[in-house]
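All remarks here apply to the structure that follows.
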Amino acid sequence: MSGIESMFPVFQIAGSALTTNRIWMNAIADNIANINNVRPMSEAAYQERFVVAQELPSRPGDPVGIGGGVAPVAVEYGDPEGMVVYDPQHPYADENGLVRRPAVNLADQMANLILAQRAYQLNLAVVDRARDSYLQALQINGR
Amino acid sequence: MGGVAGIGGVLNAIGFASPAKGVTDAAGVVEEAAPAKGNAFTQMLEGLQAAQDNADNLAVAAATGNLTDIHNYTIAATEAQLMTDLTVAIRNRAVEAFNEIMRMQP
């Protein structure tokens with residue numbers, strides 16, 4: 013994000029989580045988009061994308077125990093074997109009539125999508141409530 | 232007198248020299264009590280300027296479609312608003328304290 017030192021670390025922490033959940037939603041969308049992506053037996057199947065998140069070190073001004081949020085550091089790939097399905101009519105079928113379908117469970121992806129959406133909304137709520145708190149603090153003895 | 236010390240602290244922070252400091256030095260030499268370089272209010276204004284510049288740059292990026300994380304712009308705008316409000320509140324308090332002292336009748 014920005015390189016300036018922020019006076020309000022809570023916004024940077026929530027912002028890092030918003031970025032991570034946005035990337036997670038992109039990965040889930042990728043998995044769902046490729047759910048019918050059939051590959052021949054000679055190739056690897058479409059591998060499910062997993063986003064690896066890692067907590068960030070604490071920001072200056074916060075005690076060391078409180079971290080700086082979360083960041084996506086890597087992408088892991090799922091099973092390359094996929095689901096081997098007997099489909100002799102398929103143009104990709106080999107001599108045994110087998111093709112590879114991705115080993116992506118649609119129910120899991122939808123559940124993850126709801127988790128990502130809720131996490132994104134919760135972090136937005138953090139930003140909102142922190143902003144309201146600071147604005148109220150400025151109204152002590154204010155104008 | 233916590234109130235007087237508090238007013239003095241606010242005035243020092245914004246660079247008003249305390250007249251007592253210049254008068255009571257030894258050997259009759261009156262020191263010039265210059266405001267501290269890089270005092271707290273100047274630093275706050277610089278930080279505020281940086282925050283608003285950042286928010287403006289992100290607004291331009293969002294408007295031209297180059298911003299991948301839209302929450303970055305809203306968070307930067309929120310921070311700029313909060314810092315502006317804080318700076319205005321400090322200025323109001325300092326001006327009010329100054330006026331309070333100026334209203335003192337001899």
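So the protein lines, in turn, are chains B and E.
Okay, so the first sequence: first residue is 13 according to this note's numbering, each after it adds one.
Okay, so the second sequence: first residue is 232 according to this note's numbering, each after it adds one.
All residues carry an ideal CB built from backbone N, CA and C; glycine is no exception.
Classify Met95 (chain B) as helix, strand or coil using the three-state DSSP reduction. The residue given as residue 95 (chain B) occupies position 83 in the first sequence. Here Met95 (chain B) sits in strand by DSSP.
Contact set between Ile306 (chain E) and chain B, taken where Cβ atoms lie within less than 7 Å: Position 75 of the second sequence, counted from the start, is the residue given in the question as residue 306 (chain E). Near Ile306 (chain E) (Cβ distances below 7 Å), the residues of chain B are Phe23, Gly27 and Val139.
In three-state DSSP terms, what is Phe62 (chain B)? For the purposes of this step, residue 62 (chain B) is identified with residue 50 of the first sequence, where counting begins at 1. In the structure shown, Phe62 (chain B) sits in a strand (DSSP, three-state: E or B).
Specify the secondary structure class of Glu88 (chain B) as computed by DSSP and reduced to three states. Counting from 1 along the first sequence, the entry for residue 88 (chain B) is found at position 76. DSSP, reduced to helix, strand and coil, places Glu88 (chain B) within a strand of the structure shown.
Compute the beta-carbon to beta-carbon distance between Arg143 (chain B) and Leu313 (chain E), rounded to the nearest angstrom, for a pair I have assumed lies under 8 Å. Within the first sequence, numbered from 1, the residue matching residue 143 (chain B) stands at position 131. Within the second sequence, numbered from 1, the residue matching residue 313 (chain E) stands at position 82. Yes, Arg143 (chain B) and Leu313 (chain E) are in contact; Cβ-Cβ is about 7 Å, under 8 Å.
DSSP puts Pro52 (chain B) in a beta bridge; with which residues? Position 40 of the first sequence holds residue 52 (chain B). Looking at the DSSP assignment, Pro52 (chain B) forms a beta bridge with B:Val111.
Please decide whether Ser18 (chain B) counts as near chain E, where near means a Cβ-Cβ distance under 8 Å. Here the question's residue 18 (chain B) lines up with position 6 in the first sequence. For Ser18 (chain B), the answer is yes, since a Cβ of chain E falls inside 8 Å of its Cβ.
Is the beta carbon of Val85 (chain B) closer than 8 Å to that of Val97 (chain B)? Your numbering for residue 97 (chain B) matches position 85 in the first sequence. Your numbering for residue 85 (chain B) matches position 73 in the first sequence. In this structure, Val97 (chain B) sits away from Val85 (chain B), with a CB-CB distance that is not shorter than 8 Å.
Determine the chain B residues that contact Thr309 (chain E) at a beta-carbon separation under 8 Å, and present them in chain order. Along the second sequence, read from residue 1 onward, the residue named residue 309 (chain E) stands at position 78. Residues of chain B passing the Cβ test: Phe23, Val139 and Arg143.
Flag this pair as yes or no: are the beta carbons of Val156 (chain B) and Arg61 (chain B) separated by less than 8 Å? Residue 156 (chain B) is absent from the structure shown; chain B starts at 13 and stops at 155.
According to the neighbour-count rule (16 or more other Cβ atoms, all chains shown, within 10 Å of its Cβ), is Pro114 (chain B) buried or exposed? Within the first sequence, residue 114 (chain B) is the residue found at index 102, counting from 1. Counting other Cβ atoms within 10 Å of its Cβ, Pro114 (chain B) reaches 16 or more and is therefore classed as buried.
Between Ala286 (chain E) and Gln280 (chain E), what straight-line distance do the alpha-carbon atoms span, to the nearest angstrom? Working through the second sequence from its first residue, we reach residue 286 (chain E) at position 55. Working through the second sequence from its first residue, we reach residue 280 (chain E) at position 49. Here the alpha carbon of Ala286 (chain E) sits roughly 10 Å from the alpha carbon of Gln280 (chain E).
Along the region 89-111 of chain B, what residues have a CB closer than 7 Å to any CB found in chain E? Taking a C-beta cut-off of 7 Å against chain E, none of the residues of the region 89-111 of chain B qualify.
Please report whether the beta-carbon of Thr32 (chain B) lies at a distance below 8 Å from any beta-carbon of chain E. For the purposes of this step, residue 32 (chain B) is identified with residue 20 of the first sequence, where counting begins at 1. Using a CB distance cut-off of 8 Å, Thr32 (chain B) does not count as an interface residue toward chain E.
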